[in-house]
Each structure stands twice: as C-alpha cells, then as structure tokens.
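Enquirer: First residue of the sequence shown? That's 1 in UniProt numbering, and the numbers climb one at a time after it.
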Amino acid sequence: MGIRAEHLSYTYGGGTAFAQPALRDVSFDIPDGQFVGLIGHTGSGKSTLIQHLNGLIRATEGKLFVDGENIYEKGYNMRALRTKVGLVFQYPEHQLFEIDVFQDVCFGPKNMGLSKDEIEQRAREALGMVGLPESFYKKSPFELSGGQKRRVAIAGVLAMRPKVLVLDEPTAGLDPRGRDEILDRVKELNHSWGLTVILVSHSMEDVAKYADRLLVMSDGEKRFDGTPKEVFKHYAELEALGLSAPQVTYLVQKLRKAGMPLSDEITTVAEARDALLPLLKGGAPC
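(1) Can you look up residue 58 in the DSSP assignment and give me helix, strand or coil?
(2) Indicate whether residue 153 and residue 95 have their beta-carbon atoms separated by less than 8 Å.
(3) Sort out for me which residues DSSP pairs residue 222 with in a bridge.
(4) With DSSP as the reference, identify every bridge partner of residue 20, one or two as the case may be.
(5) Who are the near neighbours of residue 3 in its chain, counting only those whose CB is closer than 6 Å to its CB and skipping five residues on each side?
(6) Mind checking residue 82: buried by the 16 CB within 10 Å criterion, or exposed?
(7) Give every residue of the same chain whose Cβ lies closer than 6 Å to the Cβ of residue 21, excluding the five residues on either side of it in the sequence, and list them in chain order.
(8) Quick one: complete alpha helix (DSSP H) runs, 4+ long, within the region 227 to 270?
(9) From residue 23 to residue 135, what does the alpha carbon distance come to, in whole angstroms?
(10) How far does the alpha helix (DSSP H) with residue 42 in it reach, from first residue to last?
(11) Could you give the distance in angstroms between the alpha-carbon of residue 52 and the alpha-carbon of residue 158?
(12) Grouping DSSP H, G and I as helix and E and B as strand, with all else coil, what is residue 190?
(13) Taking C-alpha atoms, which residue in 179, 162 and 128 lies nearest to residue 146?
(14) Hey, how far is the Cα of residue 261 from the Cα of residue 239?
(15) Please identify the residue among 143, 237, 151 and 113 whose C-alpha is closest to the C-alpha of residue 124.
(16) CB-CB under 8 Å to residue 7, same chain, minus the five flanking residues each way: which ones, in chain order?
(17) Using the C-alpha atoms, what's the distance from residue 171 back to residue 200?
(18) Which class does residue 202 belong to by DSSP, given the choice of helix, strand or coil?
(19) For the ligand FAD, any of its heavy atoms closer than 7 Å to the Cβ of residue 206?
(20) If you draw a straight line from the alpha carbon of residue 78 to that of residue 139, how long is it in whole angstroms?
(21) By the three-class DSSP mapping on this structure, what secondary structure does residue 305 have?
(22) How about residue 203 and residue 41: are their beta carbons less than 8 Å apart?
(23) Buried or exposed: residue 73, going by 16 or more other Cβ atoms within 10 Å of its Cβ?
(24) Should residue 149 be labelled buried (16 or more other beta-carbon atoms within 10 Å of its own) or exposed?
(25) Which residues in the same chain as residue 48 place their Cβ atom closer than 7 Å to its Cβ, once the five residues preceding and following it in sequence are excluded?
(26) Determine the closest residue to residue 70 out of 36, 137, 128 and 1, with distance taken between C-alpha atoms.
(27) In three-state terms, what does DSSP make of residue 115?
(28) Once the 5 residues before and after residue 165 are set aside, which same chain residues still bring their CB inside 6 Å of it?
(29) Looking only at DSSP bridge pairs, what is residue 153 linked to?
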C-alpha cells in the first residue's frame with residue numbers, strides 16, 4: 001500500500017519569532033517496490049521530508065499514511081513504524097553503537113524482541129546483502145572506511161527487514177567504484193525483495209541510472225514529480241532551482257542542435273552510447 005503524504009507542511013520553531021517554514025503543502029503517493037530519487041538544492045526541504053517518513057518529525061499540518069494507516073492518529077505504534085521504514089543517515093557514524101560490526105547489525109533486531117538465533121541469522125543475511133564478509137564481523141565499526149561504515153549502517157536497517165529503505169546521501173565522499181557498489185546492491189534489493197527505496201542524492205547521474213521516479217524539492221515545495229526522463233527534459237528549469245541534469249543530457253542537447261537525430265529522453269551514458277554507435281557507424285539510431 002506504500003506511503004502517501006497529503007498536504008504535509010512543517011515549520012521549524014513554530015509559534016516563535018524564529019519560525020521558519022521547511023515544508024509547504026507537499027503531497028505524493030509512493031507505491032510498494034518503487035525506487036524514488038529525492039533531489040533538491042541544500043535547504044530545499046528534502047532532509048526534513050524524509051525524517052517525517054519514520055516519525056522523527058511530526059508534520060505541522062497534513063497527513064502521512066504508511067500501509068494505509070495515518071501515522072498521526074492517536075495510538076499509532078511509532079516503534080513498529082521505524083522497523084517498517086528504515087532510515088540511513090548521511091553520516092553513518094550516527095547509527096553505529098556497538099563494539100563490533102556484527103553486534104552493531106544485531107542492535108535493531110534485538111530491540112524487536114526476536115530470539116538470539118533469529119537475530120544472528122538476520123545479521124548475517126544483512127551483512128551478506130551489503131557485501132561485507134565474516135572477516136569484518138569482529139572489527140570495530142569506527143575503524144572502517146567511510147564506504148564500509150555506510151554498508152554497516154545499511155545492514156543494520158536491513159536486518160530489521162523494513163518495507164521501505166530511506167537513504168540520505170549514502171555515497172557522499174565515496175569514489176566512483178564505492179558509490180556504484182553500494183547503489184548496485186540497493187537496486188538489487190529493490191528488485192529481489194520488492195523493497196521500496198527513497199534515495200536522497202545530489203548526483204543527477206546516480207538518480208538517472210537507478211531511480212524509477214524523481215521528486216524534486218525547492219524551498220520546501222514539490223516542484224517536479226515524474227520519471228527521470230520526464231524530469232530532466234526540464235533541465236533549464238532545474239538550473240533555475242540550483243540543480244542540473246546529468247552531464248550526458250547537455251551533450252545530447254548540443255548534438256541535437258547540431259542536427260544529430262537523437263532522442264531528448266537520453267539520460268544515461270549507456271543510452272547515449274547505444275544511440276550514438278549506429279549513427280557513427282552510418283546506421284539508423286536505436
């Protein structure tokens with residue numbers, strides 16, 4: 001049944017002289033199993049928005065439904081919500097608590113009241129999903145690289161078997177290989193588990209490659225909502241919002257202006273390659 005937001009608004013410091021609107025009348029419906037990219041410049045409201053999704057922040061106005069239930073109804077079980085909607089913060093050290101990697105990943109399932117065998121089974125499965133072998137189990141999470149810490153933080157959420165995984169800039173500061181490894185794993189879980197993924201990212205290349213849908217935030221409002229191909233057609237308007245399109249979009253637009261018969265829906269390097277190769281070989285474009 002997914003997540004549905006109805007006219008969400010949120011004001012920091014509400015009722016004071018320092019009140020600052022952070023979200024303004026935001027509505028959307030995310031069905032189960034969708035991979036959503038959430039983009040916007042710094043201060044656009046995207047980080048505030050994702051904290052609403054598992055109840056860390058309560059909206060000033062509006063309703064938020066998870067699996068058909070309004071989480072703001074009196075008596076709603078917020079603890080259960082946070083096992084259903086898992087949030088991985090941009091800085092993974094904020095979610096690392098235990099003396100070693102294995103115990104850290106066990107932390108969430110322990111709080112769910114599961115048996116020791118079930119807890120450990122889930123931890124092993126989750127660590128395998130993010131590509132961390134047993135040789136990491138006894139290492140301190142604080143001695144790991146940035147990419148390894150992110151994997152542990154993601155595993156800790158996956159061990160609770162959420163329906164929704166929210167990732168706030170999970171690849172910030174990583175090299176291209178580390179970034180691709182993490183996002184490839186997440187996309188695989190999206191397909192194999194039917195896991196709903198909400199990815200906050202400043203990388204237009206990443207959201208074009210992995211997301212099924214983009215939500216674009218600016219000044220606390222939702223400005224665009226559509227597939228990457230639909231949204232990146234508005235690259236000039238995105239630039240006015242302090243954003244951009246994938247670099248390949250600009251290349252394709254220049255080639256189109258030069259007379260090459262290319263689609264304006266090309267958003268990834270792979271798509272550009274497949275369209276250009278026939279032209280360069282003298283054939284018809286794909």
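C-beta: ideal position from N, C-alpha, C; glycine also.
Only a predicted model underlies this, so the values are computations on that prediction, with no experimental measurement involved.
Expert: Working from what's here:
(1) coil
(2) yes
(3) 217
(4) 12
(5) 30 and 66
(6) buried
(7) 11 and 220
(8) 228 to 232, 235 to 240 and 247 to 257
(9) 44 Å
(10) Element bounds for residue 42: n/a, residue is neither H nor E.
(11) 19 Å
(12) helix
(13) 179
(14) 25 Å
(15) 151
(16) 25, 26, 27, 61, 62 and 63
(17) 10 Å
(18) coil
(19) This structure lacks the ligand FAD; in fact it carries no ligand of any kind.
(20) 32 Å
(21) The requested residue 305 is not part of the displayed model; the chain covers only 1 to 286.
(22) no
(23) exposed
(24) buried
(25) 10, 22, 23 and 57
(26) 1
(27) coil
(28) 86, 195 and 197
(29) DSSP, once it has assigned bridges, lists no residue as partnering residue 153.
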